[in-house]
Structure formats: C-alpha cells, structure tokens
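First up is the structure itself, then whatever we jot down about it.
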Amino acid sequence: MSRDDLAARTAENYRAFAVEARGRSPRYEELALAVAGDARLLEFLADLPTAKRQPNLLFAAARYLLGEPPDPAALRTLVSDRGGELAGVMLARRTQTNEPARCATLLPALAMLPQPLALVEVGASAGLTLLPDKYSYDYAGHRVAGTDPQAPVLACQPRGPVPLPARVPEVAWRAGLDLNPLDVTSDDDLRWLQCLVWPGETGRQERLSAAIETARRDPPPLYRGDLLTDLPDLVSQAPRDATVVIYHSAVLGYVRRADRTGFAETVRGLGVVWLSNEGPGLLPGTGIPGCDPHGFVLAKDGTEPLALTESHGAWVEWLP
C-alpha cells in the first residue's frame, strides 16, 4: 500500500472515530477530525504499525505526556517537538479501557447460570471487570447489593425484558488474561487507565477511581498471555465444581479476523460457557439488523445473541 493510500485509510478511520465520539466527547470529535485533515499527523501515524494508529491510543498517549487531553494545536506541537517520545508511549502501551460499568450489562447473563461461577476474563486489563460480585447495581430503581459495601454502585438503564437478578452471582474463582496486564497497585499503570477515559463523559473518571480502590482491596489474579495460545492452560486451573465462564468486552475489535476465528474455535473446544460483549458482527451470527453500530452485542457461546448493550454499560436491551 502506498503512503498516500495509507494516509487516506487512516484519515477515514479517524473520521469514523469522530462520528463515534459525537455527543459523547466534543474534544475527541474535534481532535479526530483535525488528525484526519492534517498531512503531518497522518505522516506520523504512517510510521507506526497498523495496530498502533488507533485514535484512542494516540489521544491517550498524548494526554499521558501532556497531563491533559490535547487540543489540535497541542497535538501538532507534541508531534513536532516530541514525536519520538509520543511514538515510544504508543508502542509500549495498548488500548486497555477498563470500564467497570460493563459489569452491569453482563450481570443478568451471569446470574442466570448455575452457581457458583469460575470467571475467566480475556483482555482483562487491570481486572476491574473481573469483580461483578463486588459492585452494587441500580437498574432504574431495581437495586442489587454487591459483596463490597465500599464498591461503587453501577447504574444501568434496562430496556426490554431484562432478567434482573435479585442478588449478585457467587464467584468461587476468578482470573484474567491479558497481553499486558495492568497493576492496580502501580500509580503509573493507573495513570494510563485514566488517560484512556474520554474527556466530557460525565462520571467515568469517578467510577474508575472507585473501582480501582475496590480492586486494590482484593486484587484479582491476572496473567500475562495471548488469547490464542494461553487460554486453555488458564481455564484448566479453574475448579470443575463451578460453572466456568469465559467472557470479554471490547476485545475482538483489536484482533485480526483470522485470529478471531481461531479464538472462537478454541473457546468452543473448552466446554465452558462463553459470553462475548463485542461490536455487532465481530463474531459470525452477532450482526443484529438496525442496532447501534457503536454499541455491543452480548452473546452466549458465540451463536446466541442475548442483548444489545451500550459500549460503556449505560444501558442493556434484552432481546426477546
């Protein structure tokens, strides 16, 4: 692919990101459009590997170095004056948004399963979504108490016939797998997590901070590994007198199509329950006509769509 074609494709990706950010983060909408129209910024991105050109990664890395979300002028100056440093952060870090509110969209599906559960999260980041039993929940007035009274209350708007649980699931065992797990006791890793939160999204930073404190009181076990090769060994450690659940949110969009197929085949061969919370169509059979292209589809075992979910857990719409 020529440099011009590469720049055009990258610009298209940033314009698509601007559409996603519209109404959620005016700063990032403006910034994405600025990158899409700036030849120098596109040239900087072209020198990075494909997986490192993502808007979320660029904006978080710039925020990490500047101490605040950049505007277009600040980003141009950063690329001009400290481009090597910025590229270094982008190469070393990953997009690992660890939104605890996604637990609210997963909870109904987890509560329906035979208890107790052994949870295995793929793409666990810092493990904040490995704690669905710790948090409390508010589904438009239907409250569910978690096991940690100091943990945040996660608000989620139910839509349709959501099977709202009376209690949180019983978790007998939990473990997370990630290429680069983040340490909740590391101030630097937590600063990176905070940089991944979009500016302008009310309540997310506060929720993240409260979830971090919850994880610090009882850190979940996290393992460094690849979902394609290391998942079976981790699953083999789970107690067999519990329902083993493999789950993930916003992970497969960063995995190549062929590798997504290989991952699905691996999970299906493990004889466990599989809950995926991913963009529509990232797994075959999860493309729901007319659904929000920026939302997620919660599916069971890769073939049974259960619900549509807001990408950061604000609402869950159960499918009839």
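Going by my numbering, the letters in the sequence shown line up with residues 8 to 327, in that order. All C-beta atoms, glycine included, are put in the ideal place defined by N, C-alpha and C.
Check: Rounded to the nearest angstrom, how far is the Cβ of Q122 from that of E177, given a contact under 8 Å?
Finding: 5 Å between Cβ atoms; contact.
Margin query: I need the straight-line Cα distance from E27 to D248, nearest angstrom please.
Written below: 43 Å
Item checked: CB contact flag (W325, Q164, <7 Å) -> W325 places its beta carbon 7 Å or farther from that of Q164.
Next item on the list: May I ask you to verify whether the region 84 to 94 touches the region 296 to 308, counting CB pairs closer than 8 Å and requiring at least 3?
Entry: no
Next item on the list: In the DSSP assignment, find the beta strand (DSSP E) that holds V160 and state where it starts and stops.
Entry: V160 to A162
Margin query: Do V279 and I295 count as a contact pair if the criterion is CB distance below 7 Å?
Written below: no
Check: What residues in its chain sit with their C-beta under 8 Å from that of L197, if we drop five residues either side in the sequence?
Finding: A133, L189, V191 and I219
Margin query: I believe G309 touches L290 by the beta-carbon criterion, under 8 Å. Please report the beta-carbon distance rounded to the nearest angstrom.
Written below: 5 Å
Note to self: Report the start-end ranges of each beta strand (DSSP E) in the region 219 to 278 that is 3 residues or longer and not cut off at the edges.
What the structure shows: Segments of the beta strand (DSSP E) lying fully in the region 219 to 278: 229 to 231 and 250 to 256.
Margin query: With DSSP as the reference, identify every bridge partner of D145, one or two as the case may be.
Written below: Beta-bridge analysis with DSSP links D145 to R150 and A162.
Notebook entry, point to check: Should T209 go down as buried or exposed, given a rule of 16 or more other Cβ atoms within 10 Å for buried?
Noted result: exposed
Check: Sorry if obvious, but does the Cβ on G74 come closer than 6 Å to a heavy atom of the ligand GTP?
Finding: The ligand GTP is not part of the structure shown, which contains no ligands of any sort.
Check: Roughly how many angstroms separate the alpha carbons of L120 and A314, rounded to a whole number?
Finding: Their Cα atoms are separated by approximately 16 Å.
Check: Sorted by chain position, which residues of the same chain lie with C-beta nearer than 8 Å to L55's C-beta, five sequence neighbours on each side aside?
Finding: A94, M97 and L98
Margin query: Considering only their Cβ atoms, is the gap separating V175 from G148 smaller than 7 Å?
Written below: no
Notebook entry, point to check: What does E311 pair with, by DSSP beta-bridge criteria?
Noted result: K307
Margin query: Between which residues of its own chain and L13 is the CB-CB distance below 6 Å, once the five residues before and five after are set aside?
Written below: A53
Notebook entry, point to check: Using the beta-carbon count (16 or more within 10 Å), is L186 buried or exposed?
Noted result: Here L186 is exposed. Its C-beta has fewer than 16 other C-beta atoms within 10 Å.
Next item on the list: Answer yes or no: do V129 and L234 have a C-beta to C-beta separation smaller than 7 Å?
Entry: yes
Notebook entry, point to check: Which partner residues of E128 appear in the DSSP bridge assignment?
Noted result: G183 and Y254
Checklist line | Three-pair Cβ contact test at 8 Å for the region 106 to 117 versus the region 78 to 87 | finding: no
Check: Alpha carbon to alpha carbon, what distance is there between R31 and H319?
Finding: 11 Å
Notebook entry, point to check: Do you know whose CA, among A131, L135 and P139, lies nearest L124's CA?
Noted result: P139
Item checked: Simplified DSSP assignment, three categories, for S6 -> Here the chain comprises residues numbered 8 to 327, so residue 6 is not present and cannot be evaluated.
Notebook entry, point to check: So who's on the other strand from V323, going by DSSP bridges?
Noted result: P165 and T316
Margin query: Quick check on DSSP: helix, strand or coil for V96?
Written below: helix
Notebook entry, point to check: Mind checking whether L215 and G183 have CB atoms under 7 Å apart?
Noted result: no
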